[in-house]
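Peer 1:
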Amino acid sequence: MQRLGRTADDLLTNDEVPDYPLLEFPTGFHLECLHGRHRIEAGREFLHPGDDWWTADLYLSDLNVDLKTCLVEEYANEEKPSDGEIYYKMRCYHFQRNFSFEMRWKARLRGKRKEYLLTLTRNEALTAAFDNLLDIPGLWGGMKIATLHKVMALKCDTELLHYLRRIKQVWSDLVRGNKAAMGKIDQATVKALELKAPRASTADAEFLRIRVRGGEVFSTFDDSERDDIWSWLKCVEGLIPSLATFFKDIGYLERLTNCVKQLTGNNVQISHAFKQLFSPVDQEDGRVRIMDGQAKIQVAENAFVYGQGTRGDQVDLGYRQIIAYAMRHFADMPKEPVKEGRMMQPAAMADRAVLRRFADLADQLGFTSTRIKHLQQYPAALAKQTPPSEHPPLVTSGSGVGIARRCGTPLRLKFNEDRKFWFINHLHDERDQQGKGITNFFVRKQVYLAFFGWPTWRPTAQGGSHGRSPSLSPVPDFGDLSQDLSPDAEQHTVGSRTDRPPSALEPADDDGGLFVPEASPSQTQAKGMGDGGQPEQPMNRSTPAEDERWKRKLLEHKKRREAWLERLEKERLEKQRLERERLEKERLEKERLEKERLEKERLEKERLERERLEREIDINLIRWEDDTWKYLTPLAVDPENPSNIEQLVNDVTISSAPCSSSGGSGVWGAFRGWSEVFSCGVNSQNWSR
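Start counting the sequence shown at 1; every next residue gets the next number (UniProt numbering).
#1: Can you tell me the Cβ-Cβ gap for Pro-241 and Ile-167, rounded? I've got them flagged as a contact below 8 Å.
#2: Buried or exposed: where does Ser-643 fall if 16 or more other Cβ atoms within 10 Å of its Cβ makes it buried?
#3: Let me know the secondary structure DSSP gives Ile-185 once reduced to three states.
#4: Who are the near neighbours of Ser-224 in its chain, counting only those whose CB is closer than 6 Å to its CB and skipping five residues on each side?
#5: Might you give, ordered along the chain, the residues of its own chain that have their beta carbon closer than 6 Å to the beta carbon of Ile-438, omitting 5 neighbours on each side?
#6: State yes or no: is the C-beta of His-149 within less than 9 Å of the C-beta of Phe-451?
#7: Closer than 7 Å by C-beta to Lys-234: which residues in its own chain qualify, once you throw out the five before and the five after it? Chain order, please.
#8: Going along the chain, which residues of its own chain have a beta-carbon closer than 6 Å to the beta-carbon of Thr-7, five neighbours each way excluded?
#9: DSSP state of Leu-481, grouped into three classes?
#10: From Arg-211, Leu-427, Gly-177 and Thr-220, pick the residue whose C-alpha is nearest to that of Gly-238; which is it?
#11: Residues in its own chain within less than 7 Å of Asp-131 by CB, not counting five upstream and five downstream?
#12: Could you have a look at Asp-249 and say whether DSSP puts it in helix, strand or coil?
#13: Closest by CA to Ile-622, which one among Ala-244, Pro-634 and Thr-456?
#14: Where does Phe-99 land, buried or exposed, given buried means 16+ other C-beta within 10 angstroms?
#15: To which residues of the same chain is Gly-293 closer than 6 Å at the C-beta, ignoring the five residues directly before and after it?
#16: Where does Ser-397 land, buried or exposed, given buried means 16+ other C-beta within 10 angstroms?
#17: Does DSSP put Val-260 in a helix, a strand or coil?
#18: Figure out for me which residue from Ile-372, Thr-368 and Leu-365 has the closest Cα to the Cα of Arg-355.
#19: Quick check on the DSSP output: what are the complete alpha helix (DSSP H) runs of length 4 or more inside the region 92-156, in order along the chain?
#20: Could you give the first and the last residue of the continuous alpha helix (DSSP H) run that contains Val-447?
#21: Assuming the contact rule is C-beta atoms closer than 8 Å, Gly-84 and Trp-171 should be a hit. Round their C-beta distance to whole Å, please.
#22: Assuming Leu-195 contacts Ile-403 under a Cβ cut-off of 8 Å, what Cβ separation, rounded to an integer in Å, is found between them?
#23: Can you tell me whether DSSP reads Ile-619 as helix, strand or coil?
#24: Where does Lys-630 fall in DSSP's three states?
#25: Quick one: measure Cβ to Cβ for Asp-157 and Ala-128, integer angstroms, because I've assumed they're closer than 8 Å.
#26: Going by beta-carbon coordinates alone, are Pro-455 and Arg-320 separated by less than 9 Å?
#27: Taking the beta carbon of Leu-588 as the centre, do at least 16 other beta carbons fall within 10 Å, making it buried, or is it exposed?
#28: Please confirm whether residue 713 and Met-143 have their CB atoms less than 9 Å apart.
#29: Buried or exposed: where does Cys-259 fall if 16 or more other Cβ atoms within 10 Å of its Cβ makes it buried?
#30: Would you kindly work out how many angstroms separate the C-alpha atoms of Ser-486 and Ala-303, rounded to a whole number?
#31: Which residues does DSSP list as the beta-bridge partners of Ala-636?
#32: Can you tell which of Gly-111, Leu-365, Leu-256 and Trp-422 has its C-alpha closest to the C-alpha of Tyr-306?
#33: Could you give the uninterrupted runs of the alpha helix (DSSP H) lying entirely in the region 301-368, keeping only those of 4 residues or more?
#34: Determine the contact status of Val-315 and Phe-423, defining contact as a CB-CB distance below 9 Å.
#35: Any idea if Asp-627 is buried or exposed, counting beta-carbon neighbours within 10 angstroms, 16 or more meaning buried?
#36: With H, G and I counted as helix, E and B as strand and the rest as coil, what does DSSP make of Trp-457?
Below you can see the structure in the form of structure tokens.
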């Protein structure tokens with residue numbers, strides 16, 4: 001105001017003649033705008049230069065922090081905050097222990113959102129997974145609190161946690177795990193990157209390269225930082241996930257789980273339920289469902305191949321094959337009625353033949369339950385005889401699948417075209433391809449991996465570790481098994497079995513999701529055969545170039561694992577440090593509050609004592625005795641409580657003898673401030689008895 005030559009009085013206006021003062025700021029003057037920036041931008045775009053704009057509220061620069069926050073977060077006459085902004089603000093204030101602001105944002109929740117949010121917070125693991133994304137503000141535009149009740153009803157916590165951790169891993173890796181850098185990622189950047197496949201699609205890579213290098217995305221980073229981000233971004237495998245894609249893919253996962261729950265029931269965690277349902281030997285008739293140490297892989301509706309694996313492998317691979325069956329047939333096993341639209345919707349009634357084959361598959365993979373046995377009572381129907389499909393294409397020379405169709409439920413046409421590929425030997429195939437666009441199978445595979453991840457099992461010829469291999473051809477080429485199917489199989493049989501033992505396998509060490517291969521492609525092979533003991537089908541041997549590429553990739557994975565472990569250790573130490581600081585702050589705060597309380601009590605006691613002393617009136621008493629006045633102990637009187645005066649009067653009246661002319665004794669009260677005593681109820685001035 002001083003620089004503008006204005007005073008506070010200049011800003012006052014007359015209500016009768018409203019003449020608002022005009023403030024003209026010098027060039028380069030900086031004025032912080034707490035709210036209403038969108039109105040300023042709209043005015044610049046649509047208002048004529050001569051048009052009047054609007055009045056402005058001016059605040060002192062030393063504004064209280066809480067008041068400043070309220071002004072910044074004010075939404076009067078503006079668009080209501082999104083679910084993501086509300087959740088983000090609530091949780092940030094929660095961790096700052098600012099509960100009044102947390103409740104202020106919670107009050108903005110509409111409809112049943114409070115109830116849905118409460119359901120989420122009761123699940124500590126999922127709440128922690130969402131909170132882990134608070135480091136990246138740009139993700140929260142995709143948060144859907146109104147969908148949380150569907151998320152919690154899925155009973156797929158393991159799969160949901162995997163997807164949320166995948167989101168954090170991808171975005172964290174782009175900035176090398178730097179929390180300050182994560183905080184600079186905005187919603188525009190997330191919107192531009194989500195569902196892109198820069199490693200597989202050259203079109204996506206070029207689209208992102210131009211925008212990253214040009215500063216349209218990651219706009220708050222400098223050129224060198226964006227160059228570093230691009231070096232990581234172009235190597236991201238699969239589709240780039242976000243919270244928006246998470247909630248869109250929830251609808252697809254819901255359709256799959258509706259199918260699977262027909263085997264497990266509705267009120268159990270699905271992945272845990274299959275561990276309980278696994279029973280290699282039928283307890284009723286002694287039939288062996290799956291041999292001990294055998295890994296059984298379905299490669300077509302009527303064909304299996306075999307490897308060796310642990311009991312954990314059998315359960316995990318079996319569960320994944322149940323999911324793959326649901327991916328192929330969810331339209332025929334609905335929980336909900338059919339709806340109109342272009343999306344692939346469930347049929348009005350479940351196909352009993354499809355349910356029968358579903359139950360038979362679960363039985364052959366080693367799972368049993370009363371529900372499975374009930375479904376096996378449905379009429380049998382032989383699945384269409386189809387040979388195992390060739391490797392599905394991941395990319396195309398054309399534009400491929402558009403962004404809008406890279407998540408959620410597939411279209412009917414694409415569903416029917418690609419369902420023959422949705423077996424785990426294809427879903428777990430790690431071969432890389434690159435083209436202009438990506439195929440629908442690539443999309444479905446990435447959605448599957450986002451929820452279920454890579455398995456720890458893979459076939460090897462040397463009996464080595466079976467952790468995930470980054471080699472180009474880790475999954476065996478099973479050849480044409482159309483001739484290996486048993487003609488004597490019962491109609492409800494989903495596949496055939498082999499008599500020959502496959503290669504030995506051992507469980508892989510837990511490496512936190514970064515898998516290190518133990519054998520090169522040239523050392524890896526698998527066996528596959530149908531009934532009748534057909535000879536094994538060796539996989540194609542790799543070339544020296546593939547071996548060299550495998551070695552480079554192995555080194556890359558080792559480096560990434562080391563960086564990952566180092567980052568975990570740093571995060572652990574940082575969390576410990578922050579926790580110690582938090583506890584120390586809490587202790588100091590408690591001590592401060594206790595000192596303040598004691599000090600307030602002391603001051604209050606002193607105040608009350610001073611007030612009491614200020615109210616008291618001193619009365620000096622003298623007694624006439626032996627022909628002389630004798631001074632007695634002074635009496636302190638509280639005007640609000642004159643009872644001690646009344647008692648004194650009574651005592652003197654009763655005990656003192658009347659005075660006589662010849663002598664005697666008596667008491668005289670000489671009052672200092674007699675009028676005050678009188679006002680308290682003593683009706684005498686100079687008195688004696």
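Every residue, glycine too, gets a C-beta built ideally from N, C-alpha and C.
Peer 2: Working from what's here:
#1: 5 Å
#2: exposed
#3: coil
#4: none
#5: Ala-197, Ala-200, Ser-201, Val-395, Gly-400 and Val-401
#6: no
#7: Pro-198, Arg-199 and Ala-205
#8: none
#9: Because Leu-481 carries a pLDDT of 35, less than 50, the predicted location of this residue cannot be relied on, and the following value inherits that uncertainty. It is coil, neither helix nor strand.
#10: Leu-427
#11: Arg-91
#12: helix
#13: Pro-634
#14: exposed
#15: Gln-308
#16: exposed
#17: helix
#18: For the record, residue 355 in the displayed sequence is Leu; it is not Arg. With distances taken between Cα atoms, Leu-355 lies closest to Ile-372.
#19: 99-106, 113-121, 124-131 and 148-153
#20: 440-452
#21: At roughly 15 Å, the Cβ-Cβ gap does not stay under 8 Å, so Gly-84 and Trp-171 are not in contact.
#22: 5 Å
#23: strand
#24: strand
#25: At roughly 11 Å, the Cβ-Cβ gap does not stay under 8 Å, so Asp-157 and Ala-128 are not in contact.
#26: yes
#27: exposed
#28: The question about residue 713 has no answer, for the chain in this structure spans 1 to 689.
#29: buried
#30: With a pLDDT of 35 at Ser-486, under the threshold of 50, the predicted position of this residue should be treated as unreliable, though the coordinate-derived value follows. Their backbone Cα atoms lie some 9 Å apart in a straight line.
#31: Asp-618
#32: Leu-365
#33: 311-329 and 352-364
#34: no
#35: exposed
#36: coil
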